[in-house]
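**Q**
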Amino acid sequence: MRVDPTRVPENVRHLIPLVEKWSVPEDGERSELLKRASDVQLRELADAVTASIDELEDWLCGDEVSSPEPSDEYVAFSCLSMAACLADVLLSKRGG
Numbered sequence: 133m134r135v136d137p138t139r140v141p142e143n144v145r146h147l148i149p150l151v152e153k154w155s156v157p158e159d160g161e162r163s164e165l166l167k168r169a170s171d172v173q174l175r176e177l178a179d180a181v182t183a184s185i186d187e188l189e190d191w192l193c194g195d196e197v198s199s200p201e202p203s204d205e206y207v208a209f210s211c212l213s214m215a216a217c218l219a220d221v222l223l224s225k226r227g228g
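With positions in the sequence shown counted from 1, the corresponding number in the working numbering is that position plus 132.
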């Protein structure tokens, strides 16, 4: 998923490469993508999002949360957050 960096808060722009790799809007497709990922890839994703969770929540829980038409970037980063949660679950199931 491609995003416009100018529409992303500066303090989470470093996550854009992960957004472009892991942010899939369709839940089933995102799940399948993550199930095929290595433990190292899942850990990288989960750790990066966890390290920036306060900044992400400031944006994702802000004014745009109630927008009838959130930006593509907002949706992409929301999907990244969901992907990171699933990465944690998968790692736990794998014992990683």
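For each residue, glycine too, the CB sits at the ideal point set by N, CA and C.
#1: Which residues in the same chain have their Cβ closer than 7 Å to the Cβ of K167, if we skip the five residues on either side of it in sequence?
#2: Determine the extent of the alpha helix (DSSP H) in which G227 is found, giving its start and end residues.
#3: Taking C-beta to C-beta, are A219 and L177 nearer than 9 Å?
#4: Between which two residues does the alpha helix (DSSP H) harbouring R175 extend?
#5: Could you have a look at D136 and say whether DSSP puts it in helix, strand or coil?
**A** So, from the data block:
#1: Only L222 meet the Cβ criterion.
#2: Counting along the chain, G227 falls outside any alpha helix (DSSP H), and DSSP gives it neither H nor E.
#3: Going by C-beta atoms, A219 is nearer than 9 Å to L177.
#4: Its alpha helix (DSSP H) spans residues 171–183.
#5: If DSSP states are grouped into helix, strand and coil, D136 belongs with coil.
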